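Structure first, then comments.
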Amino acid sequence: MLVDRQSFPRVKLCAGLFTQKSQQCLLELLGQDQYEECMAACLMSRESEFRLIKGQITLVTCHLNRPITLIDRPKFDAWLVNHYVSLGGQFYDGYELIGLDVEKNKVVFRNRDEVEYEYLIAADGANSMVERIVAKQYPKNFQRKAQSALSLEINVDRADVDVTGVNIYFDVVPNSYAWAFAKGEKVCLGLVKQPGDNTNVNEAMRQFLDGIKLRNQQNYPLQGAMIPVGNYMSRPVFCNIMFVGDAAGFVEPLTDEGIFYALQSGYLAAKSFEVGSTPTYHYLNHIPYLKRMIDMGRFYQRLLEKPWAVKQLYKHAGKHPGFVAFFYETRIEQGRLDPFWKILLNYKLKKKC
Ligand SMILES: Cc1cc2nc3c(=O)[nH]c(=O)nc-3n(C[C@H](O)[C@H](O)[C@H](O)COP(=O)(O)OP(=O)(O)OC[C@H]3O[C@@H](n4cnc5c(N)ncnc54)[C@H](O)[C@@H]3O)c2cc1C
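Read in order, the letters of the sequence shown are residues 20 to 372 in my numbering.
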């Protein structure tokens, strides 16, 4: 039984960068025909230009071999829910979980309905209500994920801003970045502020929008959402509850990529029931590799917090667009776990061939 407090398609802030590893995961879940149907329903654009920008200076422009896929998140999520229903799944929209009795395996919804569960999969996002209730009831036994980062985003008409491709802007917010993604008729603009940073995000966003010369700004009220980029839950299981996706804090800190981790952790949770007894145990056994991927993202995020590393990036990126593209494709799009020296070595070997 799938429940959500909203009806689909629902509003969902998300830049919609759908990496190759997310595509692979979805393809394995759906099979080729359904995958193509899903993509036809939500694909917004494929962009080959990838830029890193500092202030008004373009540090590097890369032309990627395989374009970046950008999707419409509300349409994507709605397609998945409809597909689940078409397969015979039960979906209850407008059901907001407001209470939970862990000992009696029972959830309570705002309309006062109560439902008993054998297992509960908490996929209720960055501000997970299930997490908050469990943390309140079991403060000593349950470890929450770390504080989330605040993100602002707007989707503007293509006519109102001169942007092409996928662009990442440094120097807008400390230790983080802003983005401008061309998505068909729209351009998605946003930024994310690290937890604990005191920057006035509204002000930073306005400056960013002025910097890229967005016209008719009054037409685009800023919208905000949380991204759980701090530490994930070390043990995303509590009694018969499994936490997946944002609820567990499964988001990559460098890129704020979460679609892949939501798909993959949801898939692993579902798969753990095929094994037979103790699915929670099997789920815990299968997630360490997701954690390793997130840890690798955290390693690069921490590097970006070091002035000497940022200086090196600014100094060398422009001279090596091929390497920047290779790093982006292998580390971020494909999610390969090679250490930096190996990425460099592989790049040099590939260049020689
Ligand atoms: C501005 C922004 C840009 C992003 N850009 C990207 C990107 O380009 N690429 C990428 O991969 N990731 C991106 N992310 C991250 C990505 O959107 C999330 O990691 C992903 O949506 C997590 O999916 P989820 O299913 O875990 O949670 P969600 O998509 O948040 O879904 C949670 C669901 O739970 C429901 N819910 C919540 N509380 C309750 C309740 N009490 N009762 C019932 N239902 C409830 C909600 O209605 C919602 O439908 C971005 C995030 C933000 C905020």
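All C-beta atoms, glycine included, are put in the ideal place defined by N, C-alpha and C. None of the values given here were measured: they were computed from a predicted structure.
If distances are taken between C-alpha atoms only, which option among the options comes closest to residue i?
i, options, result
"Asp275", "Ser167, Gln25 and Lys94", "Ser167"
"Arg85", "Gln353, Lys361 and Pro358", "Gln353"
"Leu322", "Phe359, Lys338 and Tyr308", "Phe359"
"Asp176", "Tyr286, Leu273 and Lys202", "Lys202"
"Ala145", "Leu48, Gln75 and Gly243", "Gly243"
"Ser291", "Ile351, His305 and Leu282", "His305"
"Pro272", "Asn194, Val329 and Leu49", "Asn194"
"Cys207", "Gln213, Ala344, Tyr239 and Tyr300", "Tyr239"
"Leu169", "Trp327, Tyr196 and Leu287", "Tyr196"
"Met6", "Gly50, Glu115 and Gly209", "One cannot answer for residue 6 here, as it falls past the ends of the chain, which runs 20 to 372."
"Asn160", "Cys258, Asp96 and Gly337", "Cys258"
"Ala97", "Cys57, Val121 and Glu66", "Cys57"
What residue does the alpha helix (DSSP H) around residue i start on, and which one ends it?
i, result
"Leu46", "Gln39 to Leu49"
"Ala288", "Ile278 to Lys290"
"His335", "Pro326 to His335"
"Asp143", "Taken as a continuous stretch (DSSP letters only), Asp143 belongs to no alpha helix (DSSP H), as it is neither H nor E."
"Ile173", "It is not in any alpha helix (DSSP H) - Ile173 instead sits in the beta strand (DSSP E) that spans Ala168 to Asp176."
"Tyr239", "No alpha helix (DSSP H) holds Tyr239; DSSP gives it neither H nor E."
Do residue i and residue j have their CB atoms nearer than 8 Å?
i, j, result
"Phe269", "Ile313", "yes"
"Tyr319", "Leu78", "no"
"Val211", "Ile246", "yes"
"Phe69", "Tyr366", "no"
"Leu227", "Leu89", "It should be noted that the sequence gives Phe, not Leu, for residue 227. The answer is no: Cβ separation not under 8 Å."
"Lys94", "Cys61", "yes"
"Ile87", "Leu36", "yes"
"Ile140", "Met261", "yes"
"Thr80", "Pro340", "yes"
"Val256", "Thr297", "no"
Could you give the first and the last residue of the continuous beta strand (DSSP E) run that contains residue i?
i, result
"Leu356", "No beta strand (DSSP E) holds Leu356; DSSP gives it neither H nor E."
"Gln242", "Gln242 to Ile246"
"Arg85", "Ile76 to Ile90"
"Asn186", "Val185 to Phe189"
"Leu62", "Leu62 to Lys73"
"Ser119", "Before going on, a small fix: residue 119 reads as Leu here, not Ser. Counting along the chain, the beta strand (DSSP E) containing Leu119 begins and ends at Leu116 to Asp120."
Identify whether residue i lies in helix, strand or coil by the three-state DSSP scheme.
i, result
"Met261", "strand"
"Gly268", "coil"
"Ala344", "helix"
"Asp52", "helix"
"Asn365", "helix"
"Asn194", "coil"
"Cys57", "helix"
"Glu135", "strand"
"Glu293", "coil"
"Tyr157", "coil"
"Val22", "strand"
"Asp229", "helix"
"Gly316", "helix"
"Tyr111", "strand"
"Ala199", "strand"
"Phe95", "helix"
Under 8 Å, Cβ to Cβ, is there at least one residue of chain D near residue i?
i, result
"Leu364", "The structure shown contains no chain D, having only a single protein chain."
Since residue i and residue j should fall inside the 8 Å C-beta cutoff, what is the C-beta to C-beta distance between them, to a whole number of angstroms?
i, j, result
"Ile72", "Leu119", "Not really, about 45 Å apart at Cβ, beyond 8 Å."
"Lys155", "Tyr251", "Not confirmed; about 20 Å, so no contact."
"Ala142", "Ala266", "6 Å"
"Gly209", "Trp198", "6 Å"
"Leu21", "Gln109", "7 Å"
"Ser26", "Gly113", "6 Å"
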